[in-house]
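Accompanying notes for the structure given below.
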């Protein structure tokens, strides 16, 4: 499958990258796993992808094989205004997939920039400067991995994004957490980023043997309708093992059910993007 890029061969500037933020204030829902493997799947079908790690735990960076000692410039330095986003970008083991890594320093950045007028727009400005400086082979997708909370880091991500991708674990309190996130998205849309939309909800850790999983799927589809992707990410041991090897699951075990699901999800997202552009 080929990517449908904007921009022509006549030398016109390509359209700016699509910025998707992966957000859910609940931890353990598969947010970082989805960022890593969706980024890998998009790169595998020809996109050029940047993952911005905004979680102080830095799991997206670790899961892509970026050693903590080599993160001399991180997203902390970008938000603090000390370095450009371009300087923070690091190659990964996946061709056409790059990451701006994070460190624990991010824990303190909220206090450092809290009194600044542009505190919610720091990441957006950094992305705009990056895209303005790219002349050839620009990024076509930027995925932002957020911390499991609705703090200033997440607000920066939502302010910078075109759309929100919500990973949602098939568990009892799933809808409760989703409602809270949707309220935050609405607040950001009205105050900071009027163009922000919900791209879709991806159901993760689905276990067909579990009756509760099936009920959650039905409830979420009833609540969110067509915003829920058809693709569901199954509970899969290989997906859980891959980060400890510093690899996306698509490199660790391409044939496993989790890898195949993320390839389908990437394809579905590209199709939605085409429909949005055609609308």
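Numbering (our numbering), first residue to last: 1 to 279. Note that the Cβ used here is the ideal one computed from N, Cα and C, for glycine as well. Every value quoted in this text rests on a predicted model; they were computed, and no experiment measured them.
| Check | Outcome |
| --- | --- |
| Assigned secondary structure, residue 89 (DSSP; H/G/I helix, E/B strand, else coil) | coil |
| Three-state secondary structure assigned by DSSP to residue 113 | helix |
| Runs of alpha helix (DSSP H) wholly within the segment 174–252 (minimum 4 residues, chain order) | 174–191, 211–224, 237–241 and 249–252 |
| Any 3 or more C-beta pairs closer than 8 Å across the segment 67–83 and the segment 109–119 | yes |
| Residues bridged to residue 167 (per DSSP) | 202 |
| Residue(s) in a DSSP beta bridge with residue 141 | 18 and 49 |
| Contact check, residue 66 vs residue 90, beta carbons under 7 Å | yes |
| The segment 129–139 contacting the segment 29–44, beta-carbon criterion three pairs below 8 Å | no |
| Option in 54, 37 and 243 with minimal Cα separation from residue 147 | 54 |
| Top-ranked residue by Cα proximity to residue 249, from 94, 173, 214 and 232 | 94 |
| Residue 225, buried or exposed, once every other Cβ within 10 Å from all chains shown has been counted against 16 | exposed |
| Buried versus exposed, by CB contacts within 10 Å (16 or more), residue 40 | buried |
| Secondary structure of residue 99, DSSP reduced to three states | strand |
| Contacting residues, own chain, Cβ-Cβ under 7 Å from residue 121 (five flanking each side not counted) | 159 |
| Coil, strand or helix - residue 332 by DSSP | Not covered by the structure: residue 332. The range shown for the chain is 1 to 279. |
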